[in-house]
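Note that full-length UniProt numbering numbers the sequence shown so that position 53 is 53, with each residue one more than the last. All remarks here apply to the structure that follows.
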Amino acid sequence: MANWINQITLNDHSTEHRYMQIYRQLKELIIVGGIVHGDRLPSVRQMAAHLNLNTVTVVKAYDLLEREKLVVKRTGSGTYVNDGKRTALLTGIAEDEWDQESIQLFRQQQQSFQRTVVITPDTINFASATPSPDLFPVDDFKQALLTVLDRDQGYAFGYQDPQGYQPLREAVRQQASLAGIRSETDDILVVSGAQQGIDLVAKGLVYPGDTVLIERPSYGGAMQAFFSRSARVTDIPLESDGIHLELLEKAAKETRPQLLYVMPNFQNPTGISYTREKMEQIIMLSEKYDFMILEDDYLNELSFHHQPVTTLKSLDRYDRVIYIKSFSKMFMPGLRLGYLIVPRTATQKLLAAKQSSDISTSGLLQRALEQYLISGAWERNLDVLTGEYRKRFDLMNQLLSNQLPEGVHFQTPTGGLNFWLQMPREINGQMLYESALERNLVFAPGRLFFLRDPEDNCLRLSIAAVKLQQLTSGIRLLSGLMNLRLRLDRPMKDVLSRYQDPIL
Ligand SMILES: Cc1ncc(COP(=O)(O)O)c(C=O)c1O
C-alpha cells in the first residue's frame with residue numbers, strides 16, 4: 001500500500017463526519033499533488049481496515065471524490081486519481097464552461113457599475129450603503145486615539161497578536177453577548193473589515209471545486225471572494241421570511257456544500273430578515289448535511305422593531321456558524337475593522353489565513369476602538385445613528401408606499417438601510433439607471449446582486465448616505481422615471497390586450 005495512506009487520520013473529537021474527514025484529506029492530497037494522476041487509491045476494504053472503520057463510510061468518501069471527478073472508478077480494477085480534474089483545480093479553471101461564462105458576466109457587471117458612478121455633493125445618492133462622513137463620530141474617536149497614544153506610546157505601533165488585541169476581543173465578546181451570542185475571547189478573530197473576514201473564510205476553508213451556497217440575490221463582495229477560490233457557487237432563492245428551505249435542502253443533498261453564506265438580518269440587498277424558525281431549520285440542515293454557515297451580520301443594531309435581533313450564531317448548538325461583524329455601517333468604514341466568532345474546529349485555519357494575508361489588523365486602530373467601546377461612546381453614537389436613520393426610514397417607507405407606480409413592489413424591512421424594489425419584468429433597469437444618472441440620482445441596479453441570470457427589473461435603494469431633505473424629491477423623480485419606462489418598455493401587445501378585450 002502507498003505510504004501516503006498514513007497521512008489519512010481521523011479526529012474523533014471533530015464535529016466533521018468521518019466520511020467527510022476522509023474525503024477532505026484525500027482531496028487535499030490530490031490538490032497539492034501528494035497523490036498524482038493514475039495513482040490507485042487503496043481499496044475500500046484496505047482503507048476501512050487502516051482507519052478501523054466500516055466500509056460504508058469509506059464508500060461515501062470515495063463517492064464524493066468521484067462525483068467531483070477527482071477520481072474515476074474502473075470496474076474490477078479500483079479507484080484512480082483523475083489528473084484532468086486536478087489540473088483544472090490548480091489553474092482555477094472550472095470544467096463547467098457555462099459557469100465560467102456566468103462568472104465573467106458577473107465580473108463585467110460589477111466593473112461597469114464601479115466605473116460609471118460619480119458622486120457629487122448634489123447627487124441624490126440611493127446607491128451607497130455606508131453612512132455619509134457627516135455622521136461619523138470624529139470627536140469621540142479622536143479622544144480615544146489620544147488616550148491610546150498617551151497610554152501605550154510606541155506599543156501601539158508594534159506588530160499585534162494576529163488574532164487581535166486581547167482587550168478589544170474581550171470588549172467585542174461582551175458586545176456580542178448582549179446579542180445573545182455566548183463566546184470566549186479565544187473564539188474571536190479581529191479582522192480588517194468584514195470583507196476580509198469573508199475572504200479569510202474562503203481562503204481558509206474553501207478548496208477549489210468546493211460548493212458554496214449563497215442567497216439569491218446576495219452581496220457581490222462575497223461572491224467575488226468565493227470565486228477567487230475557484231469555488232462552485234450556487235444561489236438559492238430568498239422568500240419573504242428567509243432562504244427557500246426546500247431548495248436549500250435539495251442543493252445541500254445534491255452538492256454537499258462546504259459552506260452556506262447568509263445575511264439573516266436585513267439582508268443585503270433585499271432587507272429581508274429570517275424568522276427564528278427558519279434560522280433553526282438552517283442550523284439543523286447544516287448538521288444533517290455537514291456544512292458550515294457563514295453568517296454576515298453587517299447591521300443587526302439597526303432594528304426598528306425589537307432589540308436584540310436573533311442571530312444564527314446565538315442558535316448555533318452544533319458549533320457550525322462562523323459569525324462576521326462589520327463596524328462599517330454603524331461606525332466608520334474607513335477604519336477597516338470587524339471581527340469573526342469562529343467555531344473551535346476552524347480557528348487555526350482562519351488564523352493561518354489571517355497571518356498570511358496581513359499579519360494583523362492595525363494595532364493603533366484596534367486599541368482606539370477598544371477605548372471607544374469601553375468609554376460608552378459607542379452607545380451614544382448608536383443612539384444618534386438610529387435616530388437619524390429612523391427618520392429617513394419612516395419617510396422613505398411612506399414615500400414608497402404612496403408614490404411608486406402601479407406594479408412596482410417592495411416589502412417594508414424591519415430595520416437596516418436597504419429597500420428592494422421589484423418592477424414589472426418588462427422594465428429595462430439599465431435604461432432606468434442611465435436616465436436617473438443623467439439627472440444626478442443614483443441607485444444600485446439589481447443585476448449587481450445576482451450570480452447568474454440577473455433580474456434587471458430590481459433595484460436597491462439605500463438610505464445610508466442620502467440626505468433626509470433629498471428623499472421626497474428623489475422618490476418623486478424616480479417614480480416619474482419609472483412611469484416613463486413603464487410606458488416605453490411595456491410591450492405593445494400587453495397594452496393592446498388590455499384595451500381590446502372588452503371590444504372583441
Ligand atoms: C453584506 C456586507 N458584508 C460585508 C461588507 C463589507 O464590510 P466591511 O466594510 O466591514 O469590509 C459589506 C459592505 O458593504 C456588506 O454589504
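The beta-carbon is built from N, C-alpha and C at its ideal position, and this holds for glycine as well. A quick note: this is a predicted structure, and the numbers were derived from the prediction, not measured.
Exercise. Roughly how many whole angstroms lie between the Cα atoms of proline 131 and aspartate 394?
Worked result: Looking up residue 131 in the sequence shown gives position 131. Looking up residue 394 in the sequence shown gives position 394. Near 17 Å, if we compare the C-alpha coordinates of aspartate 394 and proline 131.
For this session: Closer than 6 Å by C-beta to glutamine 422: which residues in its own chain qualify, once you throw out the five before and the five after it? Chain order, please.
Result: Walking along the sequence shown from the start, residue 422 turns up at place 422. The beta carbon of glutamine 422 is closer than 6 Å to those of His409 and Cys458 in its chain, skipping five residues each way along the sequence.
Exercise. Can you tell me where the alpha helix (DSSP H) with serine 479 in it begins and where it stops?
Worked result: For the purposes of this step, residue 479 is taken as the residue at position 479 of the sequence shown. Unbroken alpha helix (DSSP H) run through serine 479: 471-489.
Problem set entry | proline 445 in three-state terms, based on DSSP | The residue labelled residue 445 in the question sits at position 445 within the sequence shown. Three-state result, proline 445: strand.
Problem set entry | Backbone CA spacing between residue 505 and alanine 225 [nearest angstrom] | Outside the displayed range of the chain (1 to 504) lies residue 505, so it cannot be described from this structure.
Exercise. Just the residues with CB closer than 6 Å to a heavy atom of ligand 1, in chain order, which are they?
Worked result: That query returns the following residues: Ala129, Gly193, Ala194, Gln195, Tyr219, Gly221, Met263, Asn268, Asp296, Tyr298, Ser326, Ser328, Pro333 and Gly338.
For this session: My understanding is that serine 303 touches glycine 415, with C-beta atoms under 8 Å, so please give their C-beta distance in whole angstroms.
Result: Sequence index remark: in the sequence shown, residue 303 carries index 303 (1-based). Sequence index remark: in the sequence shown, residue 415 carries index 415 (1-based). Going by Cβ atoms, the distance from serine 303 to glycine 415 rounds to 4 Å, so yes, they are a contact pair.
Exercise. Can you list, in chain order, the stretches of the beta strand (DSSP E) that have 3 or more residues and sit fully within the segment 12-82?
Worked result: Taken in chain order, the whole beta strand (DSSP E) runs of length 3 or more contained in the segment 12-82 are 71-74 and 78-81.
Exercise. With distances taken between CB atoms, is the gap from valine 212 to glutamine 258 smaller than 8 Å?
Worked result: For the purposes of this step, residue 212 is taken as the residue at position 212 of the sequence shown. For the purposes of this step, residue 258 is taken as the residue at position 258 of the sequence shown. For valine 212 and glutamine 258, yes; Cβs fall inside 8 Å.
Problem set entry | Rounded straight-line distance, which links the Cα of isoleucine 198 to that of threonine 412 | Taking the first residue of the sequence shown as position 1, residue 412 is located at position 412. Taking the first residue of the sequence shown as position 1, residue 198 is located at position 198. Approximately 28 Å between the Cα atoms of the pair.
Exercise. CA-CA distance, leucine 260 and arginine 439?
Worked result: As a working mapping, residue 260 is identified with position 260 in the sequence shown. As a working mapping, residue 439 is identified with position 439 in the sequence shown. Their backbone Cα atoms lie some 40 Å apart in a straight line.
Problem set entry | Limits of the alpha helix (DSSP H) - the one that glycine 338 falls within | Position 338 of the sequence shown holds residue 338. For glycine 338, there is no enclosing alpha helix (DSSP H); the residue is found in the beta strand (DSSP E) stretching over 338-341.
Exercise. Rounded to a whole number of angstroms, what is the C-alpha to C-alpha distance between tyrosine 339 and isoleucine 188?
Worked result: As a working note, residue 339 is residue 339 in the sequence shown. As a working note, residue 188 is residue 188 in the sequence shown. Roughly 7 Å separates the two Cα atoms.
Exercise. Okay, do the segment 161-180 and the segment 367-375 touch, 3+ Cβ pairs below 8 Å being the bar?
Worked result: A contact is defined here as three or more CB-CB pairs under 8 Å, and the segment 161-180 meets this definition with respect to the segment 367-375.
Exercise. What three-state label does DSSP hand residue 506 in the structure shown?
Worked result: The structure shown does not extend to residue 506, since the chain is modelled only from 1 to 504, so the question has no answer here.
For this session: Below 6 Å CB to CB, which residues in the same chain sit around serine 286 once its five sequence neighbours on both sides are set aside?
Result: Stepping through the sequence shown from its first residue, residue 286 is reached at position 286. The residues are Ile293 and Arg320.
Exercise. Below 8 Å, can you find three or more Cβ-Cβ pairs linking the segment 120-128 to the segment 459-470?
Worked result: The segment 459-470 and the segment 120-128 touch, with three or more beta-carbon pairs separated by less than 8 Å.
Exercise. Three-state secondary structure (DSSP) at phenylalanine 419?
Worked result: Here residue 419 refers to the residue found at position 419 when the sequence shown is read from its first residue. Here phenylalanine 419 sits in strand by DSSP.
For this session: Indicate the three-state DSSP secondary structure (helix, strand or coil) for methionine 279 in the structure shown.
Result: Taking the sequence shown and counting its residues from 1, the one referred to as residue 279 is at position 279. It is helical.
Problem set entry | Spatial distance of threonine 234 from histidine 244 (CA atoms) | The sequence position of residue 234 within the sequence shown is 234, counting from 1. The sequence position of residue 244 within the sequence shown is 244, counting from 1. So the alpha carbons of these two residues sit roughly 13 Å apart.
Problem set entry | Selection from His13, Asp12, Glu16 and Leu29 that minimises the alpha carbon distance to isoleucine 5 | Counting from 1 along the sequence shown, the entry for residue 5 is found at position 5. Ranking His13, Asp12, Glu16 and Leu29 by Cα distance to isoleucine 5 puts Leu29 first.
Problem set entry | glutamine 430 versus Asn418, Arg447, Ile8 and Ile214, residue with shortest Cα-Cα distance | Counting from 1 along the sequence shown, the entry for residue 430 is found at position 430. Of the listed residues, the one whose Cα sits closest to glutamine 430 is Arg447.
For this session: Could you spell out where the beta strand (DSSP E) holding isoleucine 427 opens and where it closes?
Result: Taking the sequence shown and counting its residues from 1, one reaches residue 427 at position 427. Element bounds for isoleucine 427: n/a, residue is neither H nor E.
For this session: Starting from the N-terminal side, write out each stretch of the beta strand (DSSP E) that is 3 residues or longer and does not extend beyond the segment 322-410.
Result: If we require 3 residues or more, the beta strand (DSSP E) runs fully inside the segment 322-410 come out as 338-341.
Problem set entry | 8 Å Cβ cutoff, valine 206 in contact with chain D | Here chain D cannot be found, since the structure has a single protein chain.
For this session: Decide if threonine 75 is buried, meaning its Cβ has at least 16 other Cβ atoms within 10 Å, or exposed.
Result: For the purposes of this step, residue 75 is identified with residue 75 of the sequence shown, where counting begins at 1. Only exposed fits threonine 75, as fewer than 16 other CB atoms lie within 10 angstroms of its CB.
Exercise. How about leucine 53 and lysine 27: do their beta carbons lie closer than 8 Å?
Worked result: By 1-based counting over the sequence shown, the position of residue 53 is 53. By 1-based counting over the sequence shown, the position of residue 27 is 27. Leucine 53 is not a Cβ neighbour of lysine 27, given a cutoff of 8 Å.
For this session: Could you tell me the distance, in whole angstroms, from the CA atom of isoleucine 93 to the CA atom of proline 308?
Result: Within the sequence shown, numbered from 1, the residue matching residue 93 stands at position 93. Within the sequence shown, numbered from 1, the residue matching residue 308 stands at position 308. Annotation note: pLDDT 41 at isoleucine 93 (below 50); position unreliable, no value reported.
Exercise. Span of the alpha helix (DSSP H) holding aspartate 456?
Worked result: Locating residue 456 in the sequence shown gives position 456, counting from the first residue. In this chain, aspartate 456 is not harboured by any alpha helix (DSSP H), its DSSP state being neither H nor E.
Problem set entry | Test item: CB-CB of glutamine 160 and glycine 363 under 8 Å | Taking the sequence shown and counting its residues from 1, the one referred to as residue 160 is at position 160. Taking the sequence shown and counting its residues from 1, the one referred to as residue 363 is at position 363. Against a cut-off of 8 Å, the Cβ pair of glycine 363 and glutamine 160 comes out as a contact.
Exercise. Where are the alpha helix (DSSP H) runs, 4 residues long or more, that stay fully inside the segment 243-293, in chain order?
Worked result: DSSP runs (the alpha helix (DSSP H)) wholly in the segment 243-293: 245-255 and 276-288.
Problem set entry | Contacts around valine 59, its chain only, beta-carbon distance under 6 Å, and the 5 residues preceding and following it disregarded | Counting from one through the sequence shown, the residue named residue 59 turns up at place 59. So the qualifying residues of the chain are Val44.
Problem set entry | Inter-residue Cα distance where the pair is tryptophan 378 and tyrosine 372 | Here residue 378 refers to the residue found at position 378 when the sequence shown is read from its first residue. Here residue 372 refers to the residue found at position 372 when the sequence shown is read from its first residue. A direct Cα-Cα distance of roughly 6 Å separates tryptophan 378 from tyrosine 372.
For this session: Over the uninterrupted beta strand (DSSP E) stretch that includes isoleucine 214, give me the two end residues.
Result: Counting from 1 along the sequence shown, the entry for residue 214 is found at position 214. From DSSP, the beta strand (DSSP E) with isoleucine 214 extends over 211-216.
Exercise. How long is the line joining the alpha carbons of glycine 407 and asparagine 265, rounded to whole angstroms?
Worked result: The sequence position of residue 407 within the sequence shown is 407, counting from 1. The sequence position of residue 265 within the sequence shown is 265, counting from 1. About 26 Å.
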